[in-house]
Amino acid sequence: MNLFEQQSSEFQRRHIGPNADDTKAMLATIGASSLDELISKTVPDAIRIKEPLALPQAISEFEYLSELKKTASKNKVYKNYIGQGYYGTITPSVILRNVFENPGWYTQYTPYQAEISQGRLESLLNFQTMVADLTGLPISNASLLDEATAAAEAMAMVFHHINKTDKITRPRFFVDNNIFAQTKDVLVTRAEPIGIELVYGDYTDVAADETYFGAILQYPNSNGSVEDYRSFIEKVHAAGGLVVVVTDLLALTLLTSPGELGADVAVGSAQRFGVPMGYGGPHAAFFATQDDFKRGMPGRLIGVSIDAQGNRALRMALQTREQHIKREKATSNICTAQALLANMAAMYAVYHGAAGLKDIATRIHLLTKSVAEGLSRLGIEQNNKYYFDTLHFTSVNAVAVKAMAEKYHSNFHYSPDGSFSITLDETTSVEDTNTILKIFESLAEKSTGHRIEAASFTETAYQLPEALLRTSEYLTHEVFNVHRSESQMMRYMKQLENKDLSLNTSMISLGSCTMKLNAATEMIPVSWPEFGGLHPFAPAEQAGGYQQIVEELGEYLATITGFTACSLQPNSGAQGEYAGLLTIRSYHAARNEAHRNVVLIPISAHGTNPASAVMVGFKVVVVKCDEAGNIDVADLKAKAEQYKDTLGALMVTYPSTHGVFEETIKDICQIIHDNGGLVYMDGANMNAQVGLTSPGMIGADVCHLNLHKTFAIPHGGGGPGMGPICVNDKLAPYLPGHAVLGDSKNAVSAAQYGSASILLISYAYIKMLGADGVKMATEYAILNANYMKARLEKHYKVLYTGKNDTCAHEFIVDLRPFKQSAGIEAEDVAKRLIDYGFHAPTLSFPVPGTIMIEPTESEDKAELDRFCDAMISICEEIKAVESGKSDKTDNPLKNAPHTQQVVCADEWAHPYTRKEAAFPLHYVTLNKFWPSVARVNNTYGDRNLICTCEPTSSYAEA
Numbered sequence: 001m002n003l004f005e006q007q008s009s010e011f012q013r014r015h016i017g018p019n020a021d022d023t024k025a026m027l028a029t030i031g032a033s034s035l036d037e038l039i040s041k042t043v044p045d046a047i048r049i050k051e052p053l054a055l056p057q058a059i060s061e062f063e064y065l066s067e068l069k070k071t072a073s074k075n076k077v078y079k080n081y082i083g084q085g086y087y088g089t090i091t092p093s094v095i096l097r098n099v100f101e102n103p104g105w106y107t108q109y110t111p112y113q114a115e116i117s118q119g120r121l122e123s124l125l126n127f128q129t130m131v132a133d134l135t136g137l138p139i140s141n142a143s144l145l146d147e148a149t150a151a152a153e154a155m156a157m158v159f160h161h162i163n164k165t166d167k168i169t170r171p172r173f174f175v176d177n178n179i180f181a182q183t184k185d186v187l188v189t190r191a192e193p194i195g196i197e198l199v200y201g202d203y204t205d206v207a208a209d210e211t212y213f214g215a216i217l218q219y220p221n222s223n224g225s226v227e228d229y230r231s232f233i234e235k236v237h238a239a240g241g242l243v244v245v246v247t248d249l250l251a252l253t254l255l256t257s258p259g260e261l262g263a264d265v266a267v268g269s270a271q272r273f274g275v276p277m278g279y280g281g282p283h284a285a286f287f288a289t290q291d292d293f294k295r296g297m298p299g300r301l302i303g304v305s306i307d308a309q310g311n312r313a314l315r316m317a318l319q320t321r322e323q324h325i326k327r328e329k330a331t332s333n334i335c336t337a338q339a340l341l342a343n344m345a346a347m348y349a350v351y352h353g354a355a356g357l358k359d360i361a362t363r364i365h366l367l368t369k370s371v372a373e374g375l376s377r378l379g380i381e382q383n384n385k386y387y388f389d390t391l392h393f394t395s396v397n398a399v400a401v402k403a404m405a406e407k408y409h410s411n412f413h414y415s416p417d418g419s420f421s422i423t424l425d426e427t428t429s430v431e432d433t434n435t436i437l438k439i440f441e442s443l444a445e446k447s448t449g450h451r452i453e454a455a456s457f458t459e460t461a462y463q464l465p466e467a468l469l470r471t472s473e474y475l476t477h478e479v480f481n482v483h484r485s486e487s488q489m490m491r492y493m494k495q496l497e498n499k500d501l502s503l504n505t506s507m508i509s510l511g512s513c514t515m516k517l518n519a520a521t522e523m524i525p526v527s528w529p530e531f532g533g534l535h536p537f538a539p540a541e542q543a544g545g546y547q548q549i550v551e552e553l554g555e556y557l558a559t560i561t562g563f564t565a566c567s568l569q570p571n572s573g574a575q576g577e578y579a580g581l582l583t584i585r586s587y588h589a590a591r592n593e594a595h596r597n598v599v600l601i602p603i604s605a606h607g608t609n610p611a612s613a614v615m616v617g618f619k620v621v622v623v624k625c626d627e628a629g630n631i632d633v634a635d636l637k638a639k640a641e642q643y644k645d646t647l648g649a650l651m652v653t654y655p656s657t658h659g660v661f662e663e664t665i666k667d668i669c670q671i672i673h674d675n676g677g678l679v680y681m682d683g684a685n686m687n688a689q690v691g692l693t694s695p696g697m698i699g700a701d702v703c704h705l706n707l708h709k710t711f712a713i714p715h716g717g718g719g720p721g722m723g724p725i726c727v728n729d730k731l732a733p734y735l736p737g738h739a740v741l742g743d744s745k746n747a748v749s750a751a752q753y754g755s756a757s758i759l760l761i762s763y764a765y766i767k768m769l770g771a772d773g774v775k776m777a778t779e780y781a782i783l784n785a786n787y788m789k790a791r792l793e794k795h796y797k798v799l800y801t802g803k804n805d806t807c808a809h810e811f812i813v814d815l816r817p818f819k820q821s822a823g824i825e826a827e828d829v830a831k832r833l834i835d836y837g838f839h840a841p842t843l844s845f846p847v848p849g850t851i852m853i854e855p856t857e858s859e860d861k862a863e864l865d866r867f868c869d870a871m872i873s874i875c876e877e878i879k880a881v882e883s884g885k886s887d888k889t890d891n892p893l894k895n896a897p898h899t900q901q902v903v904c905a906d907e908w909a910h911p912y913t914r915k916e917a918a919f920p921l922h923y924v925t926l927n928k929f930w931p932s933v934a935r936v937n938n939t940y941g942d943r944n945l946i947c948t949c950e951p952t953s954s955y956a957e958a
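Those letters in the sequence shown? Residues 1 to 958, by the UniProt record's numbering.
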């Protein structure tokens, strides 16, 4: 390799952890002579790809950024006055640098291990408090995917709450005409499979009788009008229904809250709280509701509890709602949230406080009013009697306006009915408002000489109905009132960051979750204004850079999966499952086989699989697994034949959820096809396939890809995620559409490309690794897993291996025997790993009482060894309990994790030493991570559910 070739492949060497010497030593430990031999033993030859992937060759990080700058220049960042749920916003630099661009925040995992997640949990509690305060409802979750899907989740929750029996008696849901078009489209997609009848109309004249289970309204509405919905809400309630209000958090600083209007649920997007538009995402949706519905809420709920010492501790509450427990009884498949973006929005509120937010909202509103008055002087009147930030026009030639506006590099929102609207936002300046007036003066070929000046509107009265002016307080908690200077804010964010273990601390070896390196070069362009400043509904010709990336990335992913078409719209893995099943359902319906509604799902599948199937209207039939963890082919065949007339699909994960390449996978796919069904492959374990095999080659018809797993998008503490789907030719016509793309069928997200801005990360991953590198990443993921397995199986029982005693990219360690021999549970091992400086692997999934370990290809041998040394040391600690050397109830595992406060206390009453508690191995002393709380008491928190910030006195004491 010459120096120039070496430069082009430098990212491969940076991304993949083990070097040549490490590789040799690791293979020797495994007992393989080469990496090729290990892969041959692991991946069945019948499904191996024989030719290199048809992907570009690798380029260097410098070359990539230089090339991407040219692509970015194809995006034209006009002034956007489009609104419709997406707004220009100013991200405070202190938040941009210390959260959005900080791996201490964006590489965190979902806070299942609460003791090492207290920082992001506090921030998410702030988010919930912010949403609850502004919406006037008592309980809020810790974010959903986007506004449209949050509205769909609200509809489904209300539906299931009202219709609790199997016999649906109230199928109708009223949808006001003036909600955002993209929200209507997602409601349609979600409603039809579960038997909801949508009824559209004007809320002022609908008869909300007993056939309706609920209604949905927009506040302010899609035209910008501020309406008083109180009498309508009372009418729906009188008929026994419930009301969902889609709303705008910034507007609610001036307007009476939905809760005070009588709404049962309030949803929306927190995007305009400091999160760039990013051509559609990622953005944190919010969901707030009455306390009565807390156990039916979708998503995650952060609650206050106590730890083992009685100190305040946060954790995810009511975790039994998670889909891997409820499975087909779940009413939602929400898995990935938008935690990173919720944290940004929460920090925005913390930094500005109630007064600062109200000032921003007031400035926007008064600028909007000034534009309306300026246009009135030109003889141009808008339609809204009352408005917050949007003016709506029906008596002006929209075609002429559009042509003139684009000459001034400005975008308005143009409706199919010929009307248009202008929406102002935080980034709108006085100069911008005068430019808007110039556009219309140019059209009218006259000038009033009127110019808006900053001093002219500061005392102007609101153009809002007096009955809807907000009088209730919000954001009164201390956390929203003390961090006004940049120094205070910076230190607060750092204080929270220090409480959390992230990838910049140590390896996070989560089986099925693939916590891989999020390379800095992949992340940098996400902050570029050329990508962050684009409105998703801007004209396509202004988004040339995004269009190029979307097209190329879609082709790359289709190539990698062995398919021919790709949709990048789903913005989470669970949503990818849902979208994939929708394509199958639509395919059967188009062939007059809508009766094919049975889905076979192995009992080992992730819980979102059956939840997604039910949401699409399928009936779930569970398939057995054998003692080796493989799908029971005889049981599968029997059930496929039993349901051959109604079989719709099989949902299968490959390699299996147990971390094994099942040899019978092609036969399994053929059985399904022979009986009229299609095969959906869950892409959770795609990190073991890329470059070696593919879903298309195996025999699947559709798969989803977790870009936040295999393709390097960060987990961000529980989101963002992306779950695009790839399909073969016969399913391509049924991929998700969108109004912006000219076809709304099967729309699953608010924006046409989901969370478009983070597609840049996966695009970079593939471009810089190249065809050889993505394959190498898979090979090293398998190598690292098998090396750890080889070290640990001398001390623990490893469940489920392939026929050559190898695992795929993950493996399961059985901890169940220790419960009998020493009273040690899997949770005790998970918490003890914190004392060694590690996040626990996946706990008790897919087998209760086990841990599933996945190291990823980016971890070097030294880090793998540190983790293995920790596990081996823990094994010795368990043996000490078994032998009686350590007390059965007062030992390092049962008391783990040990906080600094406990270890440094004046008194130490345990039979083991402080050093054994906090520094069990020498390497721990070199980089000690201290958990900020001891083991959290989940039961106490669920019995005493508190999901917003406590009163200031409690906060101060904590």
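Note that the Cβ used here is the ideal one computed from N, Cα and C, for glycine as well.
*Shortest alpha-carbon distance to A403 belongs to which of F420, T390, F388 and H237?*
Counting from 1 along the sequence shown, the entry for residue 403 is found at position 403. Here the closest residue by C-alpha is F420.
*Taking the alpha carbon of G436 as the point to measure from, which residue in F388, L464, R470 and G374 has its own alpha carbon closest?*
Position 436 of the sequence shown, counted from the start, is the residue given in the question as residue 436. First, the residue type needs correcting, since residue 436 is Ile and not Gly in the sequence shown. It is G374.
*Taking the alpha-carbon positions, what's the F711 to T433 distance?*
Taking the first residue of the sequence shown as 1, we reach residue 711 at position 711. Taking the first residue of the sequence shown as 1, we reach residue 433 at position 433. Between F711 and T433, the C-alpha separation is close to 42 Å.
*Assign G580 to one of two classes, buried (16 or more other C-beta atoms within 10 Å of its C-beta) or exposed (fewer than that).*
On the sequence shown, position 580 is the one that residue 580 refers to. Per the 10 Å Cβ criterion, buried.
*From what residue to what residue does the beta strand (DSSP E) around A520 run?*
Translated into positions along the sequence shown, residue 520 becomes position 520. Where A520 is concerned, there is no enclosing beta strand (DSSP E), although the alpha helix (DSSP H) it sits in stretches over A520 to M523.
*Which whole-angstrom value is the C-beta distance of G544 and N80, which I expect to be below 8 Å?*
Numbered from its first residue, the sequence shown carries residue 544 at position 544. Numbered from its first residue, the sequence shown carries residue 80 at position 80. Between the beta-carbon of G544 and that of N80 there is about 16 Å, and that puts the pair past the 8 Å contact cut.
_Where L647 falls, given that 16 or more other Cβ within 10 Å makes a residue buried_ = Working through the sequence shown from its first residue, we reach residue 647 at position 647. L647 counts as buried, since at least 16 other C-beta atoms from the protein chains shown sit within 10 angstroms of its C-beta.
_On the criterion of 16 or more Cβ atoms from any shown chain inside 10 Å, does C904 qualify as buried, or is it exposed?_
In the sequence shown, residue 904 corresponds to position 904, counting from 1. Exposed, because fewer than 16 other Cβ atoms sit within 10 Å of the Cβ of C904.
*Tell me which same chain residues have a C-beta within less than 7 Å of the C-beta of P52, skipping the five on either side of it?*
Numbered from its first residue, the sequence shown carries residue 52 at position 52. Correct list, in chain order: A771.
*asked:* Along the chain, where does the alpha helix (DSSP H) containing T559 start, and where does it finish?
replied: On the sequence shown, position 559 is the one that residue 559 refers to. Note, T559: alpha helix (DSSP H), G544 to T561.
_For T42 and V813, the rounded distance between their alpha carbons_ = For the purposes of this step, residue 813 is identified with residue 813 of the sequence shown, where counting begins at 1. For the purposes of this step, residue 42 is identified with residue 42 of the sequence shown, where counting begins at 1. Going from the Cα of V813 to the Cα of T42 covers about 18 Å.
*Distance between beta carbons of Y765 and L510, contact taken as under 8 Å*: Residue mapping note: residue 510 aligns to position 510 of the sequence shown, counting from 1. Residue mapping note: residue 765 aligns to position 765 of the sequence shown, counting from 1. Actually they do not touch by this definition, with Cβ atoms about 19 Å apart.
*Nearest residue (CA-CA) to M277, options H535, P171 and R943*: Counting from one through the sequence shown, the residue named residue 277 turns up at place 277. Looking at the Cα atoms, H535 is the closest of the given residues.
*A574 and G723 look like a contact to me (Cβ under 8 Å); what is the Cβ gap, rounded to whole Å?*
Taking the sequence shown and counting its residues from 1, the one referred to as residue 574 is at position 574. Taking the sequence shown and counting its residues from 1, the one referred to as residue 723 is at position 723. The Cβ separation is near 7 Å, so the contact holds.
*I think S932 touches K499, with their Cβ atoms under 8 Å apart; what is that distance to the nearest whole Å?*
As a working note, residue 932 is residue 932 in the sequence shown. As a working note, residue 499 is residue 499 in the sequence shown. Rounded, the Cβ-Cβ distance is 4 Å, consistent with contact.
*How big is the Cα-Cα spacing for T850 and A830?*
Within the sequence shown, residue 850 is the residue found at index 850, counting from 1. Within the sequence shown, residue 830 is the residue found at index 830, counting from 1. Approximately 10 Å between the Cα atoms of the pair.
*Is it true that the CB of D133 sits closer than 9 Å to the CB of Y474?*
The residue labelled residue 474 in the question sits at position 474 within the sequence shown. The residue labelled residue 133 in the question sits at position 133 within the sequence shown. Pairing Y474 with D133 gives a Cβ-Cβ distance under 9 Å.
*Is the closest heavy atom of the ligand ZN to the C-beta of S755 under 8 Å?*
Judged by which ligands are present, the structure shown has none, so any question about the ligand ZN falls away.
*Closer than 7 Å by C-beta to T71: which residues in its own chain qualify, once you throw out the five before and the five after it? Chain order, please.*
Residue numbering aside, residue 71 sits at position 71 when the sequence shown is read from its first letter. So the qualifying residues of the chain are G545, Q548 and I549.
*Own chain residues within Cβ distance below 6 Å of G691, not counting five before or after*: Taking the first residue of the sequence shown as 1, we reach residue 691 at position 691. So the qualifying residues of the chain are L53, V774, K775 and T778.
_Beta-bridge pairing of D307 - partner residues as DSSP gives them_ = Reading the sequence shown from its first residue, position 307 is the one you call residue 307. BP columns for D307 point to V936.
*Report back the beta-carbon spacing between H898 and A918 to the nearest angstrom; my notes put them in contact at under 8 Å.*
Reading the sequence shown from its first residue, position 898 is the one you call residue 898. Reading the sequence shown from its first residue, position 918 is the one you call residue 918. That pair is a contact at about 5 Å.
*Any 3 or more C-beta pairs closer than 8 Å across the segment 818–829 and the segment 871–886*: The segment 818–829 vs the segment 871–886: in contact.
*Could you say which of N333, I758, D743 and A558 lies nearest to F100 if we only look at CA atoms?*
As a first step, residue 100 must be located in the sequence shown, where it is residue number 100. Checking every option, the nearest Cα to that of F100 belongs to I758.
*Pick from S40, L424, A345 and L314: whose alpha carbon is nearest that of F127?*
Here the question's residue 127 lines up with position 127 in the sequence shown. The shortest C-alpha separation from F127 is found at A345.
_Could you check whether T368 and L391 sit closer than 9 Å to each other, using their CB atoms as the reference points?_
Locating residue 391 in the sequence shown gives position 391, where the first residue counts as 1. Locating residue 368 in the sequence shown gives position 368, where the first residue counts as 1. Result yes, Cβ atoms of L391 and T368 sit closer than 9 Å.
_Is it the case that the segment 151–159 contacts the segment 175–193, given that we only count it when at least three CB pairs across the two stretches are under 8 Å?_
Here the segment 175–193 makes contact with the segment 151–159; the two share three or more CB pairs at distances below 8 Å.
_Give me, in chain order, the residues of the same chain whose beta-carbon lies closer than 8 Å to that of I39; leave out the 5 immediate sequence neighbours on both sides._
Within the sequence shown, the letter at position 39 stands for residue 39. Once the five neighbours on either side are set aside, the close Cβ partners of I39 are L692, E779 and I782.
*Where does N75 sit, in a helix, a strand or coil, going by DSSP?*
Counting from 1 along the sequence shown, the entry for residue 75 is found at position 75. Strand at N75.
*Using 10 angstroms around the beta-carbon of H595, count the other beta-carbons present and answer buried if the total reaches 16, otherwise exposed.*
Taking the first residue of the sequence shown as position 1, residue 595 is located at position 595. The residue in question, H595, is exposed, as its Cβ has fewer than 16 Cβ neighbours within 10 Å.
*Is V660 buried or exposed, if buried means 16 or more other CB atoms sit within 10 Å of its CB?*
In the sequence shown, counting from the first residue as 1, residue 660 sits at position 660. Taking all protein chains in view, the Cβ of V660 is crowded by 16 or more other Cβ atoms within 10 Å, so the residue is classified as buried.
*Thinking N384 and S225 are a contact (beta carbons under 8 Å), I'd like their distance in whole angstroms, please.*
Position 384 of the sequence shown, counted from the first residue, corresponds to residue 384. Position 225 of the sequence shown, counted from the first residue, corresponds to residue 225. For a cut-off of 8 Å, the C-beta gap from N384 to S225 is around 4 Å, short enough to register as a contact.
_For a test of the three-state rule: what should DSSP assign to P733, helix, strand or coil?_
As a position in the sequence shown, residue 733 is number 733, starting the count at 1. In the structure shown, P733 falls within a helical segment according to DSSP collapsed to helix, strand and coil.
_By alpha-carbon positions, which one of Y86, R170, N895 and D205 ends up nearest to D146?_
If you number the sequence shown from 1, residue 146 lands on position 146. Among Y86, R170, N895 and D205, the Cα nearest to that of D146 belongs to Y86.
*For L433, three-class secondary structure by DSSP*: For the purposes of this step, residue 433 is identified with residue 433 of the sequence shown, where counting begins at 1. What sits at residue 433 in the sequence shown is Thr, not Leu. Assignment of T433 by DSSP, reduced to helix, strand and coil, places it in the helix class.
*Do E907 and G17 have their C-beta atoms within less than 9 Å of each other?*
As a first step, residue 907 must be located in the sequence shown, where it is residue number 907. As a first step, residue 17 must be located in the sequence shown, where it is residue number 17. No, the Cβ-Cβ distance between E907 and G17 is not below 9 Å.
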